[in-house]
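Written out below as structure tokens is the structure these notes cover.
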Amino acid sequence: MRIFDPHIHMSSRTTDDYRAMYEAGVRALVEPSFWLGQPRTSPASFFDHFDALLGWEPFRAAQYGIAHHCTLALNPKEANDPRCTPVLDALPRYLVKDSVVAVGEIGYDSMTPAEDTALAAQLQLAADHGLPALVHTPHRDKLAGLHRTLDVIRESRLSPELVLLDHLNETTVKDALDSGCWAGFSIYPDTKMDEDRMITILKAHGTEKILVNSAADWGRSDPLKTRRVGDAMLAAGFGEDDVDRVLWRNPVAFYGRSGRLQLDVAAPQPLHEGNSILRGGE
């Protein structure tokens, strides 16, 4: 089983997670830029984070045979903080980097006017740079949030074919797919979606334009949830081709629209003192 995790925050994970992911079949991933878990105090903290996603995390992933790509953006949670919004002016110089395969996460958290502005501006940046957009749908009042998101997308110059609507569930999947966008689902131990609910959605809506991710952020999460969905699909009677479509071909097709996917990472080598990523000491 080959797996492409289309949304996972590896900056919050350990190298043991990379090893376990490779053993489970993960060979590629996309890491969206993310909040720190506490308020940022200046745009400079974004730039340090962006640089890590462009340099350090791809290096860490490659040690374990995993191709690392990223999406960069001002995320919805931080779009409401005036100290953060100047990052919008700096984004264009980052969006031209080779491993940036989309603008994201963008979208809504609390559905404020500031979030309206940030979403519209970043959809424009995606269109200007010929990139897809990874769009965060809100965790509260999800259906209203999805409809508001779709209104802004329709007003933009970005085709729905270049939009991945993430964090969907049973209440939002039909409208998301009907819009022409791609549909993403985050699988968690306790919140958002789980494997059984995901199987029900796949049985009802099929496997076209549907992506499954583990997100794996600061809270309780599991970077192997993509594999668990694949196993659950097989147990529920889906074929290996169905699993490959959801866990590999769909994310490759979506992010491949950036023209920047690089999937030819070498297999991991046994780590020892001579080739440790912590060469030179702890």
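Each residue of the sequence shown is one higher than the one before, starting from 4 at the first, in my numbering. Ideal Cβ placement from N, Cα and C applies to all residues, glycine included.
The beta carbon of Thr74 sits closer than 8 angstroms to those of Val33, Glu34, Pro35, Ser36, Val103, Val104, Ala105, Val106, Gly107, Glu108 and Leu137, all from its chain and outside the five residues before and after it, given in chain order. Residue state for Arg200 is assigned as helix, using DSSP reduced to three classes. Taken in chain order, the complete alpha helix (DSSP H) segments of 4 residues or longer contained in the region 6-36 are 18-27. One Cα belongs to Met196, the other to Asn216, and the distance between them is close to 10 angstroms.
Following the DSSP letters along the chain, one finds Gly110 inside the beta strand (DSSP E) bounded by residues Val103 to Gly110.
Rounded to the nearest whole angstrom, the C-alpha separation of Leu264 and Pro61 is 13 angstroms. Phe7 has its alpha-carbon roughly 5 angstroms from the corresponding atom of Trp251. Here the alpha carbon of Tyr97 sits roughly 42 angstroms from the alpha carbon of Ala239. Nearest neighbour of His52 by Cα position, chosen from Ala82, Ala64, His12 and Gly28, turns out to be His12. Proximity of the region 191-210 to the region 154-166 falls short of the contact definition, fewer than three beta-carbon pairs being nearer than 8 angstroms. Distance from the CA of Asp181 to the CA of Ile213, rounded to the nearest whole angstrom, comes to 12 angstroms. For the pair of segments examined, the region 36-46 was found to touch the region 85-92: the number of CB pairs separated by less than 8 angstroms reaches three. A direct Cα-to-Cα measurement between Val176 and Pro9 gives close to 17 angstroms.
In the three-state scheme derived from DSSP, where H, G and I count as helix and E and B as strand, Ser261 is classed as helix.
Ser189 has Asn216 as its beta-bridge partners, per DSSP. The DSSP assignment places complete beta strand (DSSP E) segments of no fewer than 3 residues inside the region 130-183 at 136-139 and 166-169, in order along the chain.
His208 and Asn83 have their C-alpha atoms spaced approximately 35 angstroms apart.
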